Amino acid sequence: MKYVVIGASAAGISGAKRLRELDLQAEITLISKDEHIYSRCIMHHYIEGIRDLNRLQFVPSNFIDTYNINWIKGECVTQVDTIAQSVTTDKGTVVNFDKLLIATGSHVFFPPIPGLKEAKNAIGFHDLDECEAIMEQVKTANHIVVMGAGLVGIDAVSGLLHYNKPISIVEMRDRMLGLQLDPVAASTYEKAFDKKGVKQFYNLGVKELHLNDQNEITSITLSNDEELPCDLLIVASGVRSNVEFLEGSDIETDRFGLIIDALGQTSNPNVYGAGDVTGRNPIWPVAVKEGIVAASNMTGLAKEMTDFFASKSTMNFLDIPTLSLGLTHPENPDDYIIETEQDDQGNYKKIVHKDGKIYGAILQGNLDYSGVLTQLIRYQIDVSKVKKPLFEIDYSDFFNVTENFEFTYENQ
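Position one of the sequence shown corresponds to residue 6 (the numbering used here), numbered consecutively onward.
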């Protein structure tokens, strides 16, 4: 059996590993534009100097040899031919497959602002090359602006703080980490970054760039007409799935990215997908799990994506740990019961529930309750049957212990 995996990040690597574990005799080829295997989730540690390239790796240095994988590095797949069952790279390499796993991830979305894509000092923050470019330009930069206050944008800010350069954040939402956090949890981070000297502009976008003769940004104008000095613009305003190379194939995509089912299978029965390329669940644990599920089904071992939480985010900026799980700030809050608990030690808890079922939660500060919350949502446990406050529920309230000391739950 010939397996080809495109992409060397979380989904692709976990998929390739699983393929080898399930099929010792298979021919496995990994193709990636990356020449290193590294975690994009901790690149801010690389910028900050906490980790070097070796410590960005999430697999042993001998991973490729150990799992007997043919790695074609530094090449991008430009075409997939599902009739000939082959892929072609930008360097003309053609590789045939019996089963294909697409884990090409995503790229930074540059908004349609005139001059943005051409500006020499406008850089995304999504891969190692961009990381290296930022580290080079920050040496001479005097005014850094980060466009976007989501997880990627705040990662970038965190990594740059130690350079002691003026940093500004521009975000179109009304708060930091608007997808993950509610105003209360977000404000904790906003105040912490403010104490570090980070200027923050919310409910605003970048309207115009001002460039010099060398095509370098010197300042930007916001949507409220305020002008900010800027000689390094980091674009973290969103990503788009890497699916351009599928154009003309019979592999279906939509406005988000690659379409896969619960098995990881695409519209073509011999082609599977996993990770950010789907454009739906852009977090590391989901990408890993999707890679494992897809690889399992590629080898004939039936497995479905049923036991994960697509909207779970764990973060720790400026030593403030936070967990966001599920529906944390519903559009129609009157349809739910929202309970919160907060103390003067920086601990904040929020639970969104209705009809006895928990739909979302935020924990900030002390995350000890996260395990219980995860199980309550996973098993759709009717918390109305538990006669104690929600924030005091523990495992003994809904799990039974068998004679083998295993925890079991029966939804009654």
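Ideal Cβ positions, reconstructed from N, Cα and C, are used throughout, including at glycine.
Keep in mind the model is a prediction, meaning the values are calculated, not measured.
(request) Go ahead and label F322 buried or exposed: buried means 16 or more other beta carbons lie within 10 angstroms of its beta carbon, across all protein chains shown. (result) Working through the sequence shown from its first residue, we reach residue 322 at position 317. Per the 10 Å Cβ criterion, buried.
(request) May I have the straight-line CA-CA distance separating Y168 from L58, to the nearest angstrom? (result) As a first step, residue 168 must be located in the sequence shown, where it is residue number 163. As a first step, residue 58 must be located in the sequence shown, where it is residue number 53. Just so you know, the alpha carbons of Y168 and L58 end up roughly 19 Å apart.
(message) For H215 and Q142, I'd like the C-alpha separation in whole angstroms.
(response) Here residue 215 refers to the residue found at position 210 of the sequence shown. Here residue 142 refers to the residue found at position 137 of the sequence shown. Their backbone Cα atoms lie some 18 Å apart in a straight line.
(message) Using the Cβ count rule (16 or more neighbours within 10 Å means buried), how would you classify E195?
(response) If you number the sequence shown from 1, residue 195 lands on position 190. Buried, since its Cβ has 16 or more Cβ neighbours within 10 Å.
(message) DSSP three-state label for I11, please.
(response) Locating residue 11 in the sequence shown gives position 6, where the first residue counts as 1. Residue state, collapsed to three classes: strand.
(message) Report the start-end ranges of each alpha helix (DSSP H) in the region 313-361 that is 4 residues or longer and not cut off at the edges.
(response) DSSP runs (the alpha helix (DSSP H)) wholly in the region 313-361: none.
(request) Report, in whole angstroms, the separation of the C-beta atoms of D199 and I222, which I expect to be a contact under 8 Å. (result) Counting from one through the sequence shown, the residue named residue 199 turns up at place 194. Counting from one through the sequence shown, the residue named residue 222 turns up at place 217. Their Cβ separation, rounded to whole angstroms, is 24 Å, which puts D199 and I222 out of contact at 8 Å.
(request) Starting from E290, follow the alpha helix (DSSP H) in both directions and report where the run begins and ends. (result) For the purposes of this step, residue 290 is identified with residue 285 of the sequence shown, where counting begins at 1. For the record, residue 290 in the displayed sequence is Pro; it is not Glu. In the DSSP assignment, P290 falls within the alpha helix (DSSP H) that extends over W289 to M303.
(request) Quick one: grab the DSSP three-state call for K122. (result) Counting from 1 along the sequence shown, the entry for residue 122 is found at position 117. Coil, per DSSP.
(message) Taking only three categories from DSSP, how would you classify Y374?
(response) Here residue 374 is taken as the residue at index 369 of the sequence shown, counted from 1. In the three-state reduction of the DSSP assignment, Y374 falls in the coil class, being assigned neither a helical nor a strand state.
(request) Determine the extent of the beta strand (DSSP E) in which L58 is found, giving its start and end residues. (result) Numbered from its first residue, the sequence shown carries residue 58 at position 53. Run containing L58: none in the beta strand (DSSP E); it sits in the alpha helix (DSSP H), L58 to L61.
(message) In chain order, what are the residue ranges of uninterrupted alpha helix (DSSP H) at least 4 long that sit wholly in the region 141-175?
(response) Fully enclosed alpha helix (DSSP H) runs of 4 or longer: 156-165.
(request) If I'm right that L227 touches K212 with Cβ under 8 Å, what's the distance once you round it to whole angstroms? (result) The residue you call residue 227 lines up with position 222 of the sequence shown. The residue you call residue 212 lines up with position 207 of the sequence shown. About 6 Å separates the two Cβ atoms, so the contact holds.
(request) Measure the alpha-carbon distance for I382 versus K392 and round it to whole angstroms. (result) Within the sequence shown, the letter at position 377 stands for residue 382. Within the sequence shown, the letter at position 387 stands for residue 392. Taking the Cα positions, I382 is about 18 Å away from K392.
(message) Are the CB atoms of S111 and G284 within a distance shorter than 8 Å?
(response) In the sequence shown, residue 284 corresponds to position 279, counting from 1. In the sequence shown, residue 111 corresponds to position 106, counting from 1. Yes, the Cβ-Cβ distance between G284 and S111 is below 8 Å.
(message) According to DSSP, E232 sits in a beta bridge with which residue or residues?
(response) In the sequence shown, residue 232 corresponds to position 227, counting from 1. Per DSSP, the beta-bridge partners of E232 are T226.
(request) Report the rounded CA-to-CA distance for S401 versus G361, giving the unit in angstroms. (result) By 1-based counting over the sequence shown, the position of residue 401 is 396. By 1-based counting over the sequence shown, the position of residue 361 is 356. Rounded to whole angstroms, S401 to G361 spans 18 Å at the Cα level.
(message) What ranges does the beta strand (DSSP E) occupy inside the region 256-281, keeping only unbroken runs of at least 3 residues that lie completely in it?
(response) Taking 3 residues as the minimum length, the beta strand (DSSP E) runs contained wholly in the region 256-281 are 276-278, in order along the chain.
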